[in-house]
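> Protein chains in written order, with our numbering: chain A, 1 to 211; chain B, 212 to 422; chain C, 423 to 633. Positions of the beta carbon are idealized from the N, C-alpha and C atoms, including for glycine. None of these values were measured; they are calculated from a predicted model.
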Amino acid sequence: LGIPQYTSGRYYEHTPVGVVNGLAYTPKGGHSFYIETIAEEGKPVSGTPPRLRTTGKLGEVMLESSSIAYTFAKNFLYFIDPNNNFFETHNLHMHFPEGAIPKEGPSAGIAIVTSLLSLALNEPALNNLGMTGEVTITGKVLPIGGVKEKTIGAKRSSLKTIIFPATNRVHFEELASYVKEGIDVQYASDYKDVFVLAFPNKKDLLENAIQ
Amino acid sequence: LGIPQYTSGRYYEHTPVGVVNGLAYTPKGGHSFYIETIAEEGKPVSGTPPRLRTTGKLGEVMLESSSIAYTFAKNFLYFIDPNNNFFETHNLHMHFPEGAIPKEGPSAGIAIVTSLLSLALNEPALNNLGMTGEVTITGKVLPIGGVKEKTIGAKRSSLKTIIFPATNRVHFEELASYVKEGIDVQYASDYKDVFVLAFPNKKDLLENAIQ
Amino acid sequence: LGIPQYTSGRYYEHTPVGVVNGLAYTPKGGHSFYIETIAEEGKPVSGTPPRLRTTGKLGEVMLESSSIAYTFAKNFLYFIDPNNNFFETHNLHMHFPEGAIPKEGPSAGIAIVTSLLSLALNEPALNNLGMTGEVTITGKVLPIGGVKEKTIGAKRSSLKTIIFPATNRVHFEELASYVKEGIDVQYASDYKDVFVLAFPNKKDLLENAIQ
Numbered sequence: 001l002g003i004p005q006y007t008s009g010r011y012y013e014h015t016p017v018g019v020v021n022g023l024a025y026t027p028k029g030g031h032s033f034y035i036e037t038i039a040e041e042g043k044p045v046s047g048t049p050p051r052l053r054t055t056g057k058l059g060e061v062m063l064e065s066s067s068i069a070y071t072f073a074k075n076f077l078y079f080i081d082p083n084n085n086f087f088e089t090h091n092l093h094m095h096f097p098e099g100a101i102p103k104e105g106p107s108a109g110i111a112i113v114t115s116l117l118s119l120a121l122n123e124p125a126l127n128n129l130g131m132t133g134e135v136t137i138t139g140k141v142l143p144i145g146g147v148k149e150k151t152i153g154a155k156r157s158s159l160k161t162i163i164f165p166a167t168n169r170v171h172f173e174e175l176a177s178y179v180k181e182g183i184d185v186q187y188a189s190d191y192k193d194v195f196v197l198a199f200p201n202k203k204d205l206l207e208n209a210i211q
Numbered sequence: 212l213g214i215p216q217y218t219s220g221r222y223y224e225h226t227p228v229g230v231v232n233g234l235a236y237t238p239k240g241g242h243s244f245y246i247e248t249i250a251e252e253g254k255p256v257s258g259t260p261p262r263l264r265t266t267g268k269l270g271e272v273m274l275e276s277s278s279i280a281y282t283f284a285k286n287f288l289y290f291i292d293p294n295n296n297f298f299e300t301h302n303l304h305m306h307f308p309e310g311a312i313p314k315e316g317p318s319a320g321i322a323i324v325t326s327l328l329s330l331a332l333n334e335p336a337l338n339n340l341g342m343t344g345e346v347t348i349t350g351k352v353l354p355i356g357g358v359k360e361k362t363i364g365a366k367r368s369s370l371k372t373i374i375f376p377a378t379n380r381v382h383f384e385e386l387a388s389y390v391k392e393g394i395d396v397q398y399a400s401d402y403k404d405v406f407v408l409a410f411p412n413k414k415d416l417l418e419n420a421i422q
Numbered sequence: 423l424g425i426p427q428y429t430s431g432r433y434y435e436h437t438p439v440g441v442v443n444g445l446a447y448t449p450k451g452g453h454s455f456y457i458e459t460i461a462e463e464g465k466p467v468s469g470t471p472p473r474l475r476t477t478g479k480l481g482e483v484m485l486e487s488s489s490i491a492y493t494f495a496k497n498f499l500y501f502i503d504p505n506n507n508f509f510e511t512h513n514l515h516m517h518f519p520e521g522a523i524p525k526e527g528p529s530a531g532i533a534i535v536t537s538l539l540s541l542a543l544n545e546p547a548l549n550n551l552g553m554t555g556e557v558t559i560t561g562k563v564l565p566i567g568g569v570k571e572k573t574i575g576a577k578r579s580s581l582k583t584i585i586f587p588a589t590n591r592v593h594f595e596e597l598a599s600y601v602k603e604g605i606d607v608q609y610a611s612d613y614k615d616v617f618v619l620a621f622p623n624k625k626d627l628l629e630n631a632i633q
């Protein structure tokens with residue numbers, strides 16, 4: 001039978017706070033998938049740092065990617081909103097449905113950061129937005145593979161906007177017109193670029209912090 | 212020799228608080244199985260969070276599924292009954308008899324949540340009810356496999372009602388009439404749908420919380 | 423498909439505080455890579471020591487190398503700047519992009535120390551500087567392999583200066599002229615030699631400590 005494939009399709013019409021569309025590809029094609037993060041009931045135990053628990057059959061690189069994204073999201077939130085103590089006061093649980101499908105690689109980085117910030121800011125990400133890109137601990141956005149498959153998968157899920165790493169622009173532009181048409185593609189070289197696209201109502205926070 | 216098969220049959224006439232019927236299938240057919248959860252004697256150690264211990268030869272995905280269900284059940288209980296501090300004050304032990312049979316996959320998700328909530332609310336689930344469905348950390352119910360086998364297995368155990376994921380409706384409806392007859396099938400796309408079916412006496416809690 | 427290769431190229435024009443260029447080589451050639459360290463938001467939990475978390479698919483030797491570098495950097499900082507309590511008051515997260523590429527070996531030692539000291543001193547390392555060398559727990563710099571490949575990789579990334587271990591001088595000098603030209607090569611036998619090259623504005627700290 002082999003490795004299970006994504007079967008559930010899209011099950012949010014509007015992604016709520018904490019939920020973001022990632023983009024993946026396998027030898028069988030590309031697809032969108034959800035990243036869901038919630039705050040766990042109950043305060044972190046006094047004397048232990050708050051933590052991010054992850055589930056969804058994640059491989060080693062993806063676990064590290066979650067750790068990087070968590071560290072970065074905490075620092076980024078402090079940069080744009082120093083009085084927001086959400087991450088210090090909550091344990092988080094991030095799940096990648098569907099639970100039987102192995103998930104690996106660093107390319108969900110910017111989507112994981114966005115899921116965490118959505119929850120911390122209590123602001124849903126722009127609807128019908130999908131994104132893919134490795135993130136570094138300083139917020140740089142690094143290239144990913146599968147631009148063609150991810151574009152097709154995003155359109156199949158009726159996403160309207162995709163964010164790709166800026167260094168992948170060349171890969172998108174060389175695609176056939178029929179693949180490129182019908183979706184708005186944006187590029188990011190730094191997580192700041194992702195933030196203003198994903199949270200248009202919150203971009204003042206970032207602009208004020210930069211000044 | 213080979214992998215052990217379920218042999219014990221049904222051993223509760225009325226499932227008590229904390230016990231729920233799940234539905235599984237293997238290449239040899241479908242069957243119902245019990246999920247049993249009890250509160251452990253003794254309070255959680257001060258300064259350590261309460262926990263859910265699991266036994267029953269669970270595979271990696273099923274262990275993660277239990278973790279997701281536990282997080283979700285705590286948040287769901289807080290949503291419907293914020294003064295209920297059961298999960299904060301008890302360590303839990305969830306067992307999946309028969310202990311020699313390996314169990315894997317995410318499809319027990321809604322049944323695990325229901326077992327936990329039954330215990331927390333001190334309310335038995337509807338009798339003669341079986342259920343199967345993956346649950347996400349936000350409570351969405353995702354499709355499962357083996358609709359035909361699970362239906363046959365549920366009827367063999369004299370269950371009267373099955374809950375399937377809404378996205379599996381098509382799979383049930385295409386079954387032969389002699390398979391479909393003699394059992395009441397309900398569908399759930401969100402755990403809220405499961406809750407009102409499993410706990411008819413508690414549905415006011417949910418309705419009041421939603422308003 | 424095989425093992426993923428570095429693809430992102432150079433993405434900092436000026437390396438910020440905490441970021442240093444290392445040099446690596448594989449059977450497919452040499453390249454520069456970034457080491458990125460940041461201080462995590464939130465103070466270390468009272469009663470637990472501050473720590474360095476590492477990510478980036480590091481092998482066992484490289485994990486130990488990070489541990490050695492962390493111990494050495496704390497002692498070295500105390501030697502040159504005893505009032506600087508940065509390492510006592512911050513948890514650190516060091517990441518080696520790109521996350522899917524396995525990284526192994528001790529040769530990033532001096533670069534890891536430099537990344538840590540850059541952060542503690544709030545001083546960026548000299549720009550366009552790359553370095554490679556194993557470091558011992560007392561600060562001695564030991565030889566590395568791949569001098570030719572690393573030189574070529576550094577030039578491809580437009581680095582202007584490389585630090586090699588002094589014991590590798592013979593390996594550099596035997597290279598063809600066209601490989602050697604166009605880059606300034608410096609040698610280090612002790613981390614002190616690295617420090618004055620990487621942090622020219624801070625060399626007084628070291629000179630005062632030595633007297």
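Using a C-beta to C-beta distance shorter than 8 Å, which residues of chain A count as neighbours of Pro-313 of chain B?
Here residue 313 of chain B refers to the residue found at position 102 of the second sequence. Residues of chain A passing the Cβ test: none, with the nearest at roughly 15 Å.
> Determine, using beta carbons only, whether Leu-1 of chain A comes closer than 7 Å to chain B.
What you label residue 1 of chain A is simply residue 1 of the first sequence in a count that begins at 1. Its pLDDT being 45, under 50, Leu-1 of chain A is placed unreliably by the model, and the measurement read from it follows with that caveat. Closer than 7 Å: no.
> For Val-467 of chain C, decide whether its Cβ has a neighbour in chain A, counting only Cβ atoms nearer than 7 Å.
For this step, residue 467 of chain C is matched to residue 45 along the third sequence. Closer than 7 Å: yes.
> Would you list the residues sitting across from Pro-376 of chain B in a DSSP beta bridge?
Against the second sequence, residue 376 of chain B aligns to sequence position 165. Its beta-bridge partners are B:Ala-399.
> Taking 7 Å as the CB-CB limit, is Val-61 of chain A close to chain C?
To locate residue 61 of chain A, count along the first sequence from 1; it is residue 61. Chain C contact via Cβ: present.
> CB-CB under 6 Å to Asn-168 of chain A, same chain, minus the five flanking residues each way: which ones, in chain order?
Start at 1 with the first residue of the first sequence, and residue 168 of chain A comes out as number 168. For Asn-168 of chain A, where only same-chain residues beyond five positions count, the Cβ hits under 6 Å are Pro-143 and Val-147.
> Check whether the Cβ atoms of Gly-478 of chain C and Phe-518 of chain C lie closer than 7 Å to each other.
The count along the third sequence starts at 1 and reaches residue 478 of chain C at position 56. The count along the third sequence starts at 1 and reaches residue 518 of chain C at position 96. Yes, Cβ-Cβ distance for Gly-478 of chain C and Phe-518 of chain C is below 7 Å.
> Do the CB positions of Gly-229 of chain B and Ser-329 of chain B come within less than 7 Å of each other?
The residue given as residue 229 of chain B occupies position 18 in the second sequence. The residue given as residue 329 of chain B occupies position 118 in the second sequence. Contact flag set, yes.
> Taking the runs of the beta strand (DSSP E) that are 3 residues or longer, which of them lie wholly in the stretch 17–53 of chain A?
Segments of the beta strand (DSSP E) lying fully in the stretch 17–53 of chain A: 19–26 and 29–39.
> Are the Cβ atoms of Gly-555 of chain C and Pro-528 of chain C separated by less than 7 Å?
As a position in the third sequence, residue 555 of chain C is number 133, starting the count at 1. As a position in the third sequence, residue 528 of chain C is number 106, starting the count at 1. No; because the gap between Cβ atoms is not below 7 Å, this pair is not in contact.
> Please report the distance separating the alpha-carbon of Leu-340 of chain B from that of Leu-386 of chain B.
Translated into positions along the second sequence, residue 340 of chain B becomes position 129. Translated into positions along the second sequence, residue 386 of chain B becomes position 175. Taking the straight line joining both Cα atoms gives about 20 Å.
> Measure the Cβ-Cβ separation of His-31 of chain A and Gly-153 of chain A and say whether it is below 7 Å.
What you label residue 31 of chain A is simply residue 31 of the first sequence in a count that begins at 1. What you label residue 153 of chain A is simply residue 153 of the first sequence in a count that begins at 1. The answer is yes: Cβ separation under 7 Å.
> Less than 6 Å between C-beta atoms, sequence neighbours within five positions excluded: which residues of the same chain meet that for Glu-462 of chain C?
Taking the third sequence and counting its residues from 1, the one referred to as residue 462 of chain C is at position 40. Excluding residues within five positions, the ones whose Cβ falls inside 6 Å are Asn-513 and His-515.
> So the candidates are A:Gly-22, A:Tyr-70, A:Ala-69 and A:Gln-5; which of them puts its Cα closest to the Cα of Lys-232 of chain A?
Nothing about residue 232 of chain A can be reported from this structure: the residues present for chain A run from 1 to 211 only.
> Give the residues of chain A in contact with Thr-589 of chain C, contact being defined as C-beta atoms less than 9 Å apart.
Position 167 of the third sequence, counting from 1, holds the residue named residue 589 of chain C. Result: empty, since nearest Cβ-Cβ is about 32 Å, beyond 9 Å.
> Who are the neighbours of Thr-349 of chain B on chain A, taking C-beta pairs under 8 Å?
By one-based count along the second sequence, residue 349 of chain B stands at place 138. What Thr-349 of chain B touches in chain A: Pro-16, Gly-18, Val-19, Glu-36 and Ile-38.
> Per DSSP, which residues does Met-131 of chain A bridge with? Please list them.
Position 131 of the first sequence, counted from the first residue, corresponds to residue 131 of chain A. Note: Met-131 of chain A sits in a beta bridge opposite A:Gly-22 and A:Ile-163.
> Measure the alpha-carbon distance for Ala-125 of chain A versus Leu-58 of chain A and round it to whole angstroms.
Your numbering for residue 125 of chain A matches position 125 in the first sequence. Your numbering for residue 58 of chain A matches position 58 in the first sequence. Those two C-alpha atoms are separated by around 23 Å.
> Can you pull the chain B neighbours of His-93 of chain A, defined as C-beta to C-beta under 7 Å?
As a position in the first sequence, residue 93 of chain A is number 93, starting the count at 1. Those within 7 Å of His-93 of chain A in chain B are Thr-282 and Ile-348.
> By Cβ distance below 7 Å, which residues in the same chain neighbour Ala-409 of chain B in space, the five residues on each side in sequence not counted?
By one-based count along the second sequence, residue 409 of chain B stands at place 198. So the list reads Thr-325, Ala-336, Leu-337 and Leu-340, once near-sequence residues are dropped.
> Along the chain, where does the alpha helix (DSSP H) that runs through Leu-627 of chain C open and close?
On the third sequence, residue 627 of chain C is found 205 positions in, with the first residue counted as 1. 625–632 is the extent of the alpha helix (DSSP H) around Leu-627 of chain C.
> So, are the CB atoms of Ala-209 of chain A and Phe-72 of chain A less than 7 Å apart?
For the purposes of this step, residue 209 of chain A is taken as residue 209 along the first sequence, with counting starting at 1. For the purposes of this step, residue 72 of chain A is taken as residue 72 along the first sequence, with counting starting at 1. Contact: no.
> Under 7 Å, Cβ to Cβ, is there at least one residue of chain C near Phe-164 of chain A?
On the first sequence, position 164 is the one that residue 164 of chain A refers to. Chain C, which has no Cβ nearer than 7 Å to the Cβ of Phe-164 of chain A, makes this no.
> In angstroms with no decimal places, state the Cα-to-Cα distance between Asn-85 of chain A and Thr-48 of chain A.
Within the first sequence, numbered from 1, the residue matching residue 85 of chain A stands at position 85. Within the first sequence, numbered from 1, the residue matching residue 48 of chain A stands at position 48. Cα to Cα, Asn-85 of chain A sits roughly 16 Å from Thr-48 of chain A.
> Might you give, ordered along the chain, the residues of its own chain that have their beta carbon closer than 8 Å to the beta carbon of Asp-184 of chain A, omitting 5 neighbours on each side?
Residue mapping note: residue 184 of chain A aligns to position 184 of the first sequence, counting from 1. The answer, listed in chain order, is Lys-160, Thr-161 and Ile-162.
> Could you tell me which chain A residues have their CB closer than 9 Å to the CB of Pro-472 of chain C, listed as they occur along the chain?
If you number the third sequence from 1, residue 472 of chain C lands on position 50. Within 9 Å Cβ-Cβ: nothing; Pro-472 of chain C doesn't reach chain A, min ~11 Å.
> Can you give, in chain order, each stretch of the alpha helix (DSSP H) that sits fully within the stretch 290–338 of chain B and has at least 4 residues?
For the stretch 290–338 of chain B, whole alpha helix (DSSP H) runs of length 4 or above, ordered along the chain, are 297–300 and 320–332.
> Write down the C-beta distance between Lys-351 of chain B and Tyr-11 of chain A rounded to the nearest angstrom, noting that I regard them as a contact closer than 8 Å.
The residue labelled residue 351 of chain B in the question sits at position 140 within the second sequence. The residue labelled residue 11 of chain A in the question sits at position 11 within the first sequence. Going by Cβ atoms, the distance from Lys-351 of chain B to Tyr-11 of chain A rounds to 5 Å, so yes, they are a contact pair.
> Spatial neighbours of Phe-594 of chain C within its chain, please: CB distance less than 8 Å, with the 5 preceding and 5 following residues excluded, ordered by chain position.
Taking the third sequence and counting its residues from 1, one reaches residue 594 of chain C at position 172. Correct list, in chain order: Val-569, Thr-573, Phe-586, Lys-602 and Val-607.
> Expressed to the nearest angstrom, what Euclidean distance is found between the alpha-carbon atoms of Tyr-456 of chain C and Gly-431 of chain C?
Stepping through the third sequence from its first residue, residue 456 of chain C is reached at position 34. Stepping through the third sequence from its first residue, residue 431 of chain C is reached at position 9. Distance between the alpha carbons of Tyr-456 of chain C and Gly-431 of chain C: 10 Å.
> Just to confirm, is the Cβ distance from Gly-99 of chain A to Val-272 of chain B under 7 Å?
Numbered from its first residue, the first sequence carries residue 99 of chain A at position 99. Numbered from its first residue, the second sequence carries residue 272 of chain B at position 61. Taking 7 Å as the Cβ cut-off, Gly-99 of chain A and Val-272 of chain B qualify as a contacting pair.
> Could one say the Cβ of Gly-521 of chain C lies closer than 7 Å to chain A's Cβ atoms, at least one of them?
Against the third sequence, residue 521 of chain C aligns to sequence position 99. Judged by the 7 Å Cβ criterion, Gly-521 of chain C is in contact with chain A.
> Consult DSSP for Lys-562 of chain C and reduce its assignment to one of helix, strand or coil.
Looking up residue 562 of chain C in the third sequence gives position 140. Note: Lys-562 of chain C maps to strand in three-state DSSP.
> Would you say Ile-534 of chain C and Ser-488 of chain C are within 7 Å of each other, going by their C-beta atoms?
Residue numbering aside, residue 534 of chain C sits at position 112 when the third sequence is read from its first letter. Residue numbering aside, residue 488 of chain C sits at position 66 when the third sequence is read from its first letter. Contact: yes.
> Go to Gly-364 of chain B, then tell me how far its alpha helix (DSSP H) extends in each direction, as first and last residue.
The residue you call residue 364 of chain B lines up with position 153 of the second sequence. Counting along the chain, the alpha helix (DSSP H) containing Gly-364 of chain B begins and ends at 358–367.
> Give me the Cβ distance between Glu-360 of chain B and Gly-240 of chain B, rounded to the nearest whole Å; I'm assuming they're in contact under 8 Å.
As a first step, residue 360 of chain B must be located in the second sequence, where it is residue number 149. As a first step, residue 240 of chain B must be located in the second sequence, where it is residue number 29. Between Gly-240 of chain B and Glu-360 of chain B the Cβ distance is about 6 Å, and since that is below 8 Å, they are a contact.
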